[in-house]
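Worksheet for the structure shown next.
Numbering (the numbering used here), first residue to last: 1 to 146.
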């Protein structure tokens, strides 16, 4: 589904550092925290580095490219609002930076998904402070996103 046809059936209500993550997505940017001391990327956002315990960090842009680490195909809607989307795919994407991000995968028949499938991020801007991310196969052009 293209961004024009995207319907946000459920949106998060982020607070704190999570709100910053979703605000970057609203601007079409995939950014994650990166430790200033040891350069470790981290998600979900948190105050201290899980590797070295340092407090200093910055939001750093991700390439938005990665590969499918694992996935599941949902065939039965748990909520009626998702019934028209069936089947839909939830993936864990391993990004080039080494982070793993849970998201949706669109633009591919679920039967064609395979491990290490190259993917790239897309965004839907819900508001000035909230953007949602999903992924598409990397070989597809943005105009063909589903």
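C-beta: ideal position from N, C-alpha, C; glycine also.
Self-check item: Assigned secondary structure, residue 127 (DSSP; H/G/I helix, E/B strand, else coil)
Solution: The residue you call residue 127 lines up with position 127 of the chain shown. DSSP places residue 127 in coil when its eight states are reduced to three.
Quiz item: Does the beta-carbon distance from residue 78 to residue 91 come in below 8 Å?
Solution: Position 78 of the chain shown holds residue 78. Position 91 of the chain shown holds residue 91. It is not a contact, given that the beta carbons lie outside the stated cut-off.
Quiz item: Given that a residue counts as buried once 16 or more other Cβ atoms are within 10 Å of its Cβ, and exposed if not, what is residue 132?
Solution: The residue labelled residue 132 in the question sits at position 132 within the chain shown. Burial call: buried.
Self-check item: Span of the alpha helix (DSSP H) around residue 16
Solution: One-based indexing of the chain shown puts residue 16 at position 16. Run containing residue 16: 16-26, per the alpha helix (DSSP H) assignment.
Exercise. If I'm right that residue 116 touches residue 68 with Cβ under 8 Å, what's the distance once you round it to whole angstroms?
Key: On the chain shown, residue 116 is found 116 positions in, with the first residue counted as 1. On the chain shown, residue 68 is found 68 positions in, with the first residue counted as 1. Contact holds; Cβ gap of about 6 Å.
Quiz item: According to DSSP, is residue 110 helix, strand or coil?
Solution: If you number the chain shown from 1, residue 110 lands on position 110. Helix at residue 110.
Self-check item: Pick from 135, 33, 18, 19 that is closest to residue 118, judged by C-alpha positions
Solution: Start at 1 with the first residue of the chain shown, and residue 118 comes out as number 118. Ranking the options by Cα distance to residue 118, first place goes to 135.
Quiz item: Got a sec? Which residues, its chain only, sit under 6 Å from residue 21 by beta carbon, not counting five neighbours each side?
Solution: Locating residue 21 in the chain shown gives position 21, counting from the first residue. Cβ within range, chain order: 45.
Quiz item: Rounded to whole angstroms, how far is the Cβ of residue 31 from the Cβ of residue 59, which I believe are closer than 8 Å?
Solution: For the purposes of this step, residue 31 is taken as the residue at position 31 of the chain shown. For the purposes of this step, residue 59 is taken as the residue at position 59 of the chain shown. Contact between residue 31 and residue 59 holds: their C-beta atoms lie close to 4 Å from each other, under 8 Å.
Quiz item: Are there 16 or more other CB atoms within 10 angstroms of the CB of residue 16, so buried, or fewer, so exposed?
Solution: What you label residue 16 is simply residue 16 of the chain shown in a count that begins at 1. By the neighbour-count criterion, in which a residue is buried when 16 or more other Cβ atoms sit within 10 angstroms of its Cβ, residue 16 is exposed.
Quiz item: What does a CB cutoff of less than 6 Å around residue 65 pick up in its chain, not counting 5 residues either side in sequence?
Solution: Mapped onto the chain shown, residue 65 falls at position 65. Here the set comprises 96, 120.
Exercise. Using beta-carbon positions only, say whether residue 61 and residue 36 come within less than 8 Å of one another.
Key: Here residue 61 corresponds to residue number 61 of the chain shown, with the count starting at 1. Here residue 36 corresponds to residue number 36 of the chain shown, with the count starting at 1. It is not a contact, given that the beta carbons lie outside the stated cut-off.
Quiz item: From residue 10 to residue 38, what does the alpha carbon distance come to, in whole angstroms?
Solution: Reading the chain shown from its first residue, position 10 is the one you call residue 10. Reading the chain shown from its first residue, position 38 is the one you call residue 38. In a straight line, the C-alpha of residue 10 is about 36 Å away from that of residue 38.
Practice problem: State the start and end residues of the unbroken beta strand (DSSP E) segment that holds residue 103. | Solution: Position 103 of the chain shown holds residue 103. First-last of the beta strand (DSSP E) with residue 103: 100-105.
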